[in-house]
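Engineer: One structure coming up, written as structure tokens, with questions to follow.
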Amino acid sequence: MSAHCHDCGHHAVVSTDRLPADLPIPDIALRLRCSTCQSKRIGVMMDMAAHYARLTAETGWKMDPKPWPGPDSKTPAPG
């Protein structure tokens, strides 16, 4: 699981091994606090680097995640 602080921008990979398997992803954010600024405004999502590494190991296909275009990007967002 990847966690991102909305206040200071700190991000970290968080282990979910000790959490209940049926705990919804949004509820995980409610249990977290930023280790840099102590904020509780945390967003969580799947750790995509680990996800792509697992897919590469399972399939042999090399998958490189691409950054999502930001609001100032000249590259249009998909869709």
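One gets the numbering used here by counting positions in the sequence shown from 1 and adding 278 to each. In this text, a Cβ means the ideal position worked out from N, Cα and C, and glycines have one as well.
Would you kindly work out how many angstroms separate the C-alpha atoms of Cys-286 and Ile-320, rounded to a whole number?
Structural biologist: Taking the first residue of the sequence shown as position 1, residue 286 is located at position 8. Taking the first residue of the sequence shown as position 1, residue 320 is located at position 42. Each residue's alpha carbon lies about 10 Å from the other.
Engineer: Count the other CB atoms within 10 Å of the CB of Cys-312; is the residue buried (16 or more) or exposed (fewer)?
Structural biologist: Translated into the one-based positions of the sequence shown, residue 312 becomes position 34. Looking at its Cβ environment, which holds 16 or more other Cβ atoms inside 10 Å, Cys-312 is buried.
Engineer: What does the Cβ neighbour count give for Ala-281, buried or exposed, with the cut at 16 atoms within 10 Å?
Structural biologist: Taking the first residue of the sequence shown as 1, we reach residue 281 at position 3. Looking at its Cβ environment, which holds 16 or more other Cβ atoms inside 10 Å, Ala-281 is buried.
Engineer: Return the chain-ordered list of same chain residues with a C-beta closer than 7 Å to the C-beta of Met-341, the five sequence neighbours on each side being excluded.
Structural biologist: For the purposes of this step, residue 341 is identified with residue 63 of the sequence shown, where counting begins at 1. Closer than 7 Å at the Cβ level, and outside the excluded window around Met-341, lie Tyr-330, Leu-333 and Thr-334.
Engineer: Going straight from the alpha carbon of His-288 to that of Thr-337, what length do you get?
Structural biologist: Taking the sequence shown and counting its residues from 1, the one referred to as residue 288 is at position 10. Taking the sequence shown and counting its residues from 1, the one referred to as residue 337 is at position 59. So the alpha carbons of these two residues sit roughly 32 Å apart.
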